[in-house]
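Student: Next up is a structure, given as structure tokens.
Protein chains in written order, with the working numbering: chain U, 7 to 361; chain Z, 245 to 487.
Below, the structure is given as structure tokens:
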């Protein structure tokens, strides 16, 4: 075990390498460029391939190809670049191939700016590209969690043969935190019967996204949907922070969750019954977290805190399903929620709203 | 310690150049030297000197960095005032250069103004960073940076830390590695930088004659900015909230 000081973007790179990823294809964009910069240096050290493609379209299609050949492959970008990749992502989801995509969100819409936001939540969890598909979306909130979760991202991608998106914001990508690097183990990468890497006497392997006969396309959609149902049932992840006895429960992920942890600590010191649900999987959204907390009957309200004009709140409302009121606090365009402003909002709800 | 008018800090990405440059410049101000800090970081999009410009100006430091809209951009825009600092014969200049050989490339642009022996070019080392863990990799990185800066490093800064998790043991372990690099390259260790709250512990254990630069940490994520609100009565220095 060695403690090092790492940037979030670097941790995505180091974590990918430790998870056995040996193929990275990408194109620079602020605020995720350190990820590519890091892997350009690090990939050759482990005999891997780092390739700067000519565009995001090329990067994602290179990932498609590498995944089809059985490689653990990855790409990364920020909002505008992820938008360009949507066609390829839809193809990979349809072809049922595993890969990991990292989105370090920046201010939008449009060219926007390079400041941290969480406004690509809809794009990440609602499809983004065309067709009936889902991405598994993981949202780490510290540098340590990045390196722990990216390993899981590759495993989930292969378990379900589906792309996994890791969603962070510019601040998570840029900030430096101390972290433990676990010993590099010779881990087992499972066999890849789906890869088009030579028949070896076995059955034909065809990677296809064209289903020209509607009956067959329906069958394929149904198959994908059954897989998504299974993921929804089995892979919800979240963290409860001081939720015991909480009357007001904040809901926040990533950087906003870090700020909200400070809010909870401060409120608890003041004797205010406040807790936090931090979704780690944004899709599947951790509905179970809400079911279990509502069964305790202490909760009066939920407050969704986001660095957007309110996107995750739709999932919070679906999860709460009318059982309690759900409120919203957000900052947008690259502005960050400030601890004291969230505290003010909390106090307003706890002291003024009728339960 | 500061016999040169111009002090330039280079180093690998995340080695702590910005904190060192800020604290060193403020140290000069406190000694009564008129000092200007120049934000030459053209590769880092966040946590840059410009983020705390108002605080620094309030503390008596002149700050040169892209202004207005450009301050929020990731463009290699360099204000013409930089040249003024290089040509000034009275004021002291401290330069915070971007990380790695890519960040150091910018120094080539000012080579004509950097006469031999007129400046100190310090390479900042944090031994807890992934690409500068041991002597061999540090020496390799120094050569990369010298090549792209087209200048020779004149001294080392020992800045090993793990952010908030730094302890005295970490500092000394890193400092030993820095000393082996200094011996190999025949360079002086200009100073050892230590977070202010750890100074006393370090001084107690230190058995060599080296300048210690106490560090105030300026580049903080917003959950630290959050707790500086006077309403919460947690004593902290006034800091600007990054936009």
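Where is the CB? At the ideal position from N, CA and C, for every residue including glycine.
Count the other CB atoms within 10 Å of the CB of residue 206 of chain U; is the residue buried (16 or more) or exposed (fewer)?
Tutor: As a position in the first chain, residue 206 of chain U is number 200, starting the count at 1. Looking at its Cβ environment, which holds fewer than 16 other Cβ atoms inside 10 Å, residue 206 of chain U is exposed.
Student: Per DSSP, what are the beta-bridge partners of residue 338 of chain Z in this structure?
Tutor: What you label residue 338 of chain Z is simply residue 94 of the second chain in a count that begins at 1. Z:251, Z:281, per the DSSP bridge assignment.
Student: Is the CB of residue 316 of chain Z under 8 Å away from at least one CB in chain U?
Tutor: As a working mapping, residue 316 of chain Z is identified with position 72 in the second chain. It does; some Cβ of chain U falls within 8 Å.
Student: So the alpha helix (DSSP H) residue 87 of chain U belongs to, where does it begin and stop?
Tutor: On the first chain, position 81 is the one that residue 87 of chain U refers to. Counting along the chain, the alpha helix (DSSP H) containing residue 87 of chain U begins and ends at 85-101.
Student: With DSSP as the reference, label residue 364 of chain Z as helix, strand or coil.
Tutor: Mapped onto the second chain, residue 364 of chain Z falls at position 120. Correct three-state label for residue 364 of chain Z: strand.
Student: Would you kindly work out how many angstroms separate the C-alpha atoms of residue 459 of chain Z and residue 105 of chain U, rounded to a whole number?
Tutor: Here residue 459 of chain Z corresponds to residue number 215 of the second chain, with the count starting at 1. Here residue 105 of chain U corresponds to residue number 99 of the first chain, with the count starting at 1. Roughly 43 Å between the two C-alpha positions.
Student: Kindly list the residues whose CB is nearer than 7 Å to the CB of residue 403 of chain Z, restricted to its own chain and excluding five residues on each side of it in sequence; keep chain order.
Tutor: Here residue 403 of chain Z refers to the residue found at position 159 when the second chain is read from its first residue. If we look at residue 403 of chain Z and ignore the five residues flanking it on each side, its Cβ neighbours are 259, 260, 264, 368, 369, 370, 437.
Student: Beta carbon of residue 99 of chain U, beta carbon of residue 127 of chain U: below 8 Å?
Tutor: Along the first chain, read from residue 1 onward, the residue named residue 99 of chain U stands at position 93. Along the first chain, read from residue 1 onward, the residue named residue 127 of chain U stands at position 121. It is not a contact, given that the beta carbons lie outside the stated cut-off.
Student: Taking Cβ-Cβ distances below 8 Å as the criterion, which residues of the stretch 166-178 of chain U are in contact with chain Z?
Tutor: Here the close residues are 176, 177.
Student: Should residue 374 of chain Z and residue 20 of chain U be called a contact, given that it needs their Cβ atoms to be closer than 8 Å?
Tutor: Residue numbering aside, residue 374 of chain Z sits at position 130 when the second chain is read from its first letter. Residue numbering aside, residue 20 of chain U sits at position 14 when the first chain is read from its first letter. Cβ distance < 8 Å, so residue 374 of chain Z and residue 20 of chain U count as in contact.
Student: Considering only residues of the same chain and omitting the five flanking positions on each side of residue 137 of chain U, which have a CB-CB separation below 6 Å?
Tutor: Within the first chain, residue 137 of chain U is the residue found at index 131, counting from 1. Closer than 6 Å at the Cβ level, and outside the excluded window around residue 137 of chain U, lie 96.
Student: Under a Cβ-count criterion, where at least 16 other Cβ atoms within 10 Å of its own Cβ denotes burial, should residue 13 of chain U be classed as buried or exposed?
Tutor: Start at 1 with the first residue of the first chain, and residue 13 of chain U comes out as number 7. So residue 13 of chain U counts as buried.
Student: Could you give the C-beta distance for residue 27 of chain U and residue 64 of chain U, rounded to a whole number, given that I count them as a contact under 8 Å?
Tutor: To locate residue 27 of chain U, count along the first chain from 1; it is residue 21. To locate residue 64 of chain U, count along the first chain from 1; it is residue 58. Going by Cβ atoms, the distance from residue 27 of chain U to residue 64 of chain U rounds to 18 Å, so no, they are not a contact pair.
Student: Under 8 Å, Cβ to Cβ, is there at least one residue of chain U near residue 409 of chain Z?
Tutor: One-based indexing of the second chain puts residue 409 of chain Z at position 165. Closer than 8 Å: yes.
Student: Report all residues from its chain with a CB closer than 6 Å to the CB of residue 90 of chain U; omit the five preceding and five following residues, and keep chain order.
Tutor: Position 84 of the first chain, counted from the first residue, corresponds to residue 90 of chain U. So the qualifying residues of the chain are 62, 63.
Student: Using the beta-carbon count (16 or more within 10 Å), is residue 188 of chain U buried or exposed?
Tutor: Here residue 188 of chain U refers to the residue found at position 182 of the first chain. Label assigned to residue 188 of chain U: exposed.
Student: Going along the chain, which unbroken runs of the alpha helix (DSSP H) with 4 or more residues stay wholly within the stretch 303-333 of chain Z?
Tutor: Here the runs fully enclosed are 325-331.
Student: Using 7 Å as the cut-off, classify the Cβ of residue 252 of chain Z as near or not near the heavy atoms of the ligand PLP, replying yes or no.
Tutor: Of the ligands one can find in the structure shown there are none, so the ligand PLP has no counterpart to examine.
Student: Taking a contact to mean a Cβ-Cβ separation below 8 Å, would you say residue 141 of chain U touches residue 241 of chain U in this structure?
Tutor: Within the first chain, residue 141 of chain U is the residue found at index 135, counting from 1. Within the first chain, residue 241 of chain U is the residue found at index 235, counting from 1. No, Cβ-Cβ distance for residue 141 of chain U and residue 241 of chain U is not below 8 Å.
Student: For a contact defined as C-beta to C-beta under 7 Å, what are the partners of residue 206 of chain U on chain Z?
Tutor: Stepping through the first chain from its first residue, residue 206 of chain U is reached at position 200. Result: empty, since nearest Cβ-Cβ is about 39 Å, beyond 7 Å.
Student: Taking 8 Å as the CB-CB limit, is residue 482 of chain Z close to chain U?
Tutor: What you label residue 482 of chain Z is simply residue 238 of the second chain in a count that begins at 1. Bear in mind that the predicted position of residue 482 of chain Z carries a pLDDT of just 34, short of 50, making it too unreliable to give a figure here.
Student: Going along chain U in order, which residues have a C-beta closer than 7 Å to the C-beta of residue 418 of chain Z?
Tutor: Locating residue 418 of chain Z in the second chain gives position 174, counting from the first residue. Ordered by position in chain U, no residue passes the 7 Å Cβ test against residue 418 of chain Z, which lies about 11 Å from the chain.
Student: Does DSSP put residue 220 of chain U in a helix, a strand or coil?
Tutor: To locate residue 220 of chain U, count along the first chain from 1; it is residue 214. Residue 220 of chain U: helix per DSSP, three-state reduction.
Student: Counting only C-beta atoms, is residue 342 of chain U closer than 8 Å to chain Z at any point?
Tutor: Locating residue 342 of chain U in the first chain gives position 336, counting from the first residue. Yes, contact with chain Z.
Student: So which residues on chain B does residue 451 of chain Z lean against when the C-beta distance must stay under 7 Å?
Tutor: Structure shown: chain B not included; protein chains present are U and Z.
Student: Counting along the chain, where does the beta strand (DSSP E) carrying residue 336 of chain U start and finish?
Tutor: Within the first chain, the letter at position 330 stands for residue 336 of chain U. Note, residue 336 of chain U: beta strand (DSSP E), 332-336.
Student: Here's a check: name, in chain order, each residue in its chain whose Cβ is nearer than 6 Å to the Cβ of residue 129 of chain U, leaving out the five neighbours to either side.
Tutor: Counted from its first residue, the first chain places residue 129 of chain U at position 123. If we look at residue 129 of chain U and ignore the five residues flanking it on each side, it has no Cβ neighbours.
Student: Taking Cβ positions only, does residue 267 of chain Z come closer than 8 Å to chain U?
Tutor: Counting from one through the second chain, the residue named residue 267 of chain Z turns up at place 23. Not an interface residue.
Student: Would residue 119 of chain U pass as an interface residue toward chain Z - the criterion being a Cβ-Cβ separation below 8 Å?
Tutor: Against the first chain, residue 119 of chain U aligns to sequence position 113. Output row for residue 119 of chain U: interface = yes.
Student: With a cut-off of 8 Å on the beta carbons, I'd call residue 462 of chain Z and residue 330 of chain Z a contact; round off their distance for me.
Tutor: Locating residue 462 of chain Z in the second chain gives position 218, counting from the first residue. Locating residue 330 of chain Z in the second chain gives position 86, counting from the first residue. Incorrect: roughly 24 Å between the Cβ atoms, too far for contact.
Student: Tell me where the beta strand (DSSP E) around residue 58 of chain U begins and ends.
Tutor: Start at 1 with the first residue of the first chain, and residue 58 of chain U comes out as number 52. Its beta strand (DSSP E) spans residues 55-58.
Student: Give the straight-line distance between the Cα atoms of residue 32 of chain U and residue 45 of chain U, rounded to the nearest whole angstrom.
Tutor: As a first step, residue 32 of chain U must be located in the first chain, where it is residue number 26. As a first step, residue 45 of chain U must be located in the first chain, where it is residue number 39. Approximately 10 Å between the Cα atoms of the pair.
Student: Sort out for me which residues DSSP pairs residue 439 of chain Z with in a bridge.
Tutor: Here residue 439 of chain Z is taken as the residue at index 195 of the second chain, counted from 1. In DSSP, residue 439 of chain Z forms a bridge with Z:459.
Student: Label residue 219 of chain U either buried or exposed according to how many other C-beta atoms from any shown protein chain fall within 10 Å of its C-beta, with 16 as the threshold for buried.
Tutor: As a working note, residue 219 of chain U is residue 213 in the first chain. Residue 219 of chain U should be labelled exposed.
Student: Would residue 462 of chain Z pass as an interface residue toward chain U - the criterion being a Cβ-Cβ separation below 8 Å?
Tutor: Taking the first residue of the second chain as 1, we reach residue 462 of chain Z at position 218. No, residue 462 of chain Z does not count as interfacial toward chain U.
Student: If we ignore side chains and look at the alpha-carbon of each, how far apart do residue 337 of chain U and residue 157 of chain U end up?
Tutor: For this step, residue 337 of chain U is matched to residue 331 along the first chain. For this step, residue 157 of chain U is matched to residue 151 along the first chain. Cα to Cα, residue 337 of chain U sits roughly 31 Å from residue 157 of chain U.
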